[in-house]
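Below is one structure, written out as structure tokens, with a few remarks after it.
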Amino acid sequence: MTATSERPALTTAGVAQRLAEAARPFICGDLPVRLQLWDGSVAGPEDAPLVVLRSPDALRRLLWHPGELGAAQAYVTGDLDVPEQEGWDLDSALTHAFAVGQARGLEGVRRSPAALVNALRAAADLGVLGLPPKLPASQARVKGRLHSAIRDRRAISHHYDLSNEFYAAILDPSMAYSCGYHENALTSLEDAQRAKLDLVCTKLGLEPGMRMLDVGCGWGSLSLHAAEHFGANVVGVTIAAEQKKFIDARVAERGLGDRVEIRLQDYREVPERGHFDAVGSLEMGEHVGEANYPTYVKVLQRAVRPGGRVLVQQMSRTGRHPGGGPFIESFIAPDMHMRPVGETVAHLERGGLEVRDVHALREHYVLTVAGWLERFEANVPRLTELVGEEVVRVWRLYLVGGSMAFRDGRMGVDQILAVRPGAAHSLPAQRHW
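Just so we're aligned, residue 387 is where the sequence shown starts under this note's numbering, counting upward by one.
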């Protein structure tokens, strides 16, 4: 009998099982999911969440970008899917996968050369070796020097300039795109955002005629609320052109032109010194970068008068992915940087502010994202018309994954209230918030 190096062709029943065997050294055990391949073959426990690989490109993406990024690319393009089934949805499936990964200690596990060779053989058997698939159209492509003004504008535009109509279908009517303040789990999204805006304005001590700066004003929820309900004179700054258009229209509709000025302006270009009675910045500091954070703090500190208050609401994160992880950094918020809340407090203090209160809101973000996700799912047909199926899949993964991160404590969010020294402040001795 003549020896041959050719491997026998895989049968339909054996394709998924071959992949499961090759994956064992990489996942330190049996498949934690029910895996179905593009040819219909299946492997893995019947009572586990179903993961469908609809195309060989799903594995090609994982080969070229192992881990979270490759899986995210495959999911958003539809090469990989996690269909709903009895007892399982995307949230519970991802929660299950994270739990298995933690239990098996998959981070930092080194694979043997034999395992790598076997994986390559399996890839060849499955016909998935080859050039990397084209990057998803929704993946960010920002260029230029990190956190230069022009790159920051491109990064912000990638996320915020999808369309105002897209965000209006997900956010509450005020268009607040930050954590709300929920009395309980039954609090509506609209009520929670109104309560958050009231809380921020109260902490800032706003009274009629006071001057407030809103740094990174988004779609104007805080700027408009401070002017309309607290009588403040507000300057808001944003670098997203679509946001400025939206706010300008609302200012005109509500007759607030004498109290609200919105500038298309980088935070570094704010010229005022000691001019404002209060400064607010809601979930904008994450976008300035670690190297530029002292500059950001200095802008807040120099813009407010001595004795005036500064409130920063900001997400926090520990661990080795300050940008939020490969998916967030590649598809949602390029160049974002988060840190533990204590390090942000230290930045503020080094920048000449006296920190007076830190208010943790992590659990509130779980409820806020739940409200966004409910509106998102109710409006999927319209959202798909606006931005296409791929971006809809990006956002489903973003919202579900974000909710999990806050729920499980991998991310937090805090309101940090500070004052500028140099004059008496008006903070009450006893807080009622």
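Every residue gets a Cβ at the ideal spot worked out from N, C-alpha and C, and that includes glycine. It should be emphasised that the depicted structure is a prediction, and the values quoted were computed from it without experimental measurement.
Between the alpha carbons of ARG404 and ILE802 lies a gap of roughly 53 Å. For ASN619, the pairing in a beta bridge is given by DSSP as ARG597. Contact annotation: the stretch 715-728 does not touch the stretch 686-693, with fewer than three C-beta pairs closer than 8 Å. Within the stretch 659-739, the complete beta strand (DSSP E) segments of 3 residues or longer fall at 662-668 and 690-703, listed in chain order. Taking the Cα positions, ARG446 is about 21 Å away from GLU775. Scanning SER427, PRO726, HIS568 and VAL780 for the CA closest to the CA of GLY757 turns up HIS568. Taking the Cβ atoms as the reference, VAL514 lies roughly 7 Å from LEU449, within the contact range of under 8 Å.
Pairwise C-beta distances place the stretch 652-665 in contact with the stretch 579-598, as three or more of them are shorter than 8 Å.
Secondary structure of TRP819 (DSSP, three-state): coil.
The C-beta separation of GLN700 from GLU669 comes to about 6 Å, placing the pair in contact by the 8 Å criterion. Pairing ARG793 with ILE556 gives a Cβ-Cβ distance that is not under 8 Å. As the crow flies, the alpha-carbon of TYR461 is around 26 Å from that of ARG496.
Under the 10 Å beta carbon count, GLU639 is surrounded by fewer than 16 other beta carbons and is classified as exposed. Taking a cut-off of 8 Å on C-beta distances, the stretch 473-487 touches the stretch 429-444, as three or more cross pairs fall below it. In this chain, GLU454 is not harboured by any beta strand (DSSP E); it is covered by the alpha helix (DSSP H) spanning 454-463. Taking C-beta separations shorter than 8 Å and ignoring five residues to either side along the sequence, the partners of GLU576 in its chain run ASP558, PRO559 and SER560, following chain order.
Note on ASP538: 16 or more other CB atoms within 10 angstroms of its CB, so buried under the neighbour-count rule. Within the DSSP secondary-structure output, ASP743 pairs in a beta bridge with LEU803.
Checking the DSSP bridge columns, you'll see THR754 has no partner listed. With a beta-carbon spacing of about 6 Å, GLY591 and ARG695 fall inside the 8 Å limit used to define contacts.
Burial check for VAL727: the Cβ neighbour count within 10 Å reaches 16 or more, so the residue is buried.
A distance of 8 Å or more separates the beta carbons of ALA429 and ASN504. Per DSSP, VAL468 lies in no alpha helix (DSSP H) segment and is marked neither H nor E.
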